[in-house]
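Peer 1:
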Amino acid sequence: MTDTPMIRMASVEKHFGDLHVLRNINLEVAPGQVVVVLGPSGSGKSTLCRTINRLEPIDSGTIEIDGKVLPEEGKALAALRADVGMVFQSFNLFAHKTILENVTLAPIKVRKMNKAEAEAKGMALLERVGIADQRDKYPAQLSGGQQQRVAIARALAMNPKVMLFDEPTSALDPEMVNEVLDVMTTLAKEGMTMLVVTHEMGFARRAADRVVFMANGEIVEDAPPDEFFTNPKSARAKDFLGKILTH
Ligand SMILES: Nc1ncnc2c1ncn2[C@@H]1O[C@H](COP(=O)(O)OP(=O)(O)OP(=O)(O)O)[C@@H](O)[C@H]1O
Ligand SMILES: [Mg+2]
Numbered sequence: 364m365t366d367t368p369m370i371r372m373a374s375v376e377k378h379f380g381d382l383h384v385l386r387n388i389n390l391e392v393a394p395g396q397v398v399v400v401l402g403p404s405g406s407g408k409s410t411l412c413r414t415i416n417r418l419e420p421i422d423s424g425t426i427e428i429d430g431k432v433l434p435e436e437g438k439a440l441a442a443l444r445a446d447v448g449m450v451f452q453s454f455n456l457f458a459h460k461t462i463l464e465n466v467t468l469a470p471i472k473v474r475k476m477n478k479a480e481a482e483a484k485g486m487a488l489l490e491r492v493g494i495a496d497q498r499d500k501y502p503a504q505l506s507g508g509q510q511q512r513v514a515i516a517r518a519l520a521m522n523p524k525v526m527l528f529d530e531p532t533s534a535l536d537p538e539m540v541n542e543v544l545d546v547m548t549t550l551a552k553e554g555m556t557m558l559v560v561t562h563e564m565g566f567a568r569r570a571a572d573r574v575v576f577m578a579n580g581e582i583v584e585d586a587p588p589d590e591f592f593t594n595p596k597s598a599r600a601k602d603f604l605g606k607i608l609t610h
């Protein structure tokens, strides 16, 4: 029996004008797998993430989520997008909504959940990320680490099939990084399919099934973390790890 991949990218190409940012991307992520994407600045990691829920259109190739081709636009796209949660470096919370409202807004508006149900679910998610006591505050009243945990809870409130993380801890003060990584590690253990762009090598070693290394718009290596960190094959990966690990 062959399992349908949760994310499937085949022959994906993307340009920004003359710049060829994604080159023949072929990537399959099985249900429950955690893939960490590494690579130098400008290698196309964020663009890769953004194409997966069509925040960026692609020039050619195919992207499927759970066996369904990403629709071009309209209601079908909105529905598929709801299956793909995304957490960014900047938390992008709604500044004028409370923490609980941030988490219940989309389920009420998009999933047509009734308010009481959305609030019960929202509170359960806030419990899960450890900030239920902050429910009535506004985002600016929370620390960066707390805000990022709200952003994760907000994405989970849509019951996504896949979670994409684009450098979720890189805007945080060092002492707040672990509280966010801990939530992500738990999510990974619970079987969420995750694609995570991060420079946190500890997280990659602990939680990832695979490391995908990108350079210049290409996937250059795709290997289990142990293998990638101890025995990178390409010169570009060796060079990258040399720079990162000596920091
Ligand atoms: N909207 C855009 N218009 C034009 N060029 C873009 C756009 N977004 C990204 N680029 C360019 O595409 C390339 C890949 O960018 P991307 O943000 O995907 O890289 P990245 O690997 O995420 O880098 P970083 O580690 O710095 O976040 C870069 O050269 C970038 O300048
Ligand atoms: Mg980026």
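According to the working numbering, the sequence shown holds residues 364 to 610 in order.
Don't be surprised by glycine CBs; every beta carbon is placed ideally from N, CA and C.
Can at least three beta-carbon pairs, one atom from the stretch 580-591 and one from the stretch 543-550, be found at a separation below 8 Å?
Peer 2: Flag = no, the stretch 580-591 and the stretch 543-550 do not touch.
Peer 1: The beta strand (DSSP E) that contains VAL399, what's its start and end?
Peer 2: 397-401
Peer 1: Measure the alpha-carbon distance for LEU385 versus ASP496 and round it to whole angstroms.
Peer 2: 43 Å
Peer 1: Rounded to whole angstroms, what is the Cα-Cα separation between MET476 and ALA487?
Peer 2: 15 Å
Peer 1: Pairs of beta-carbons, one from the stretch 410-424 and one from the stretch 368-375, closer than 8 Å: are there three or more?
Peer 2: yes
Peer 1: Any chance the CB of PRO403 is under 8 Å from a heavy atom of ligand 1?
Peer 2: yes
Peer 1: So, under 8 Å CB-CB, ARG512 and GLY485 are touching, yes? Tell me the CB distance rounded to an integer number of Å.
Peer 2: With a Cβ gap of about 13 Å, ARG512 and GLY485 do not count as contacting.
Peer 1: Per DSSP, LYS431 forms a beta bridge with which residues?
Peer 2: ILE428.
Peer 1: Taking the C-alpha atoms as reference points, what is the distance between THR561 and ILE607?
Peer 2: 12 Å
Peer 1: Identify every run of the alpha helix (DSSP H) within the stretch 494-566, keeping only runs that are complete inside it and at least 4 residues long; order them along the chain.
Peer 2: 507-519, 537-552
Peer 1: Taking all protein chains shown into account, do 16 or more other C-beta atoms lie within 10 angstroms of the C-beta of LEU456, making it buried, or fewer, making it exposed?
Peer 2: buried
Peer 1: Keeping to the same chain, check which residues put their C-beta closer than 8 Å to that of PRO419; ignore five residues upstream and five downstream.
Peer 2: Just to set this straight, residue 419 is Glu in the shown sequence, not Pro. So the list reads LYS377, THR410, ARG413, once near-sequence residues are dropped.
Peer 1: Consult DSSP for ARG474 and reduce its assignment to one of helix, strand or coil.
Peer 2: coil
Peer 1: Which residues count as close to ligand 2 when the rule is a CB under 7 Å from any of its heavy atoms, in chain order?
Peer 2: LYS408, SER409, ASP529, GLU530, VAL560
Peer 1: Starting from ILE582, trace the alpha helix (DSSP H) both ways and give me its first and last residue.
Peer 2: Not the alpha helix (DSSP H): ILE582 falls in the beta strand (DSSP E), residues 581-586.
Peer 1: What residues in its chain sit with their C-beta under 6 Å from that of VAL398, if we drop five residues either side in the sequence?
Peer 2: VAL392, LEU558, ARG573, VAL575
Peer 1: If you reduce the DSSP assignment to three classes, tell me which class GLU419 lands in.
Peer 2: coil
Peer 1: Check each candidate in LYS478, ALA570, MET526 and name the one with the smallest Cα separation from LEU443.
Peer 2: MET526
Peer 1: Give the DSSP-derived three-state secondary structure of ASN465 in the structure shown.
Peer 2: helix
Peer 1: Verify whether the separation of the beta carbon atoms of GLY508 and ASP536 is less than 9 Å.
Peer 2: yes
Peer 1: For ALA442, report the span of its alpha helix (DSSP H) as first-last.
Peer 2: Its alpha helix (DSSP H) spans residues 437-445.
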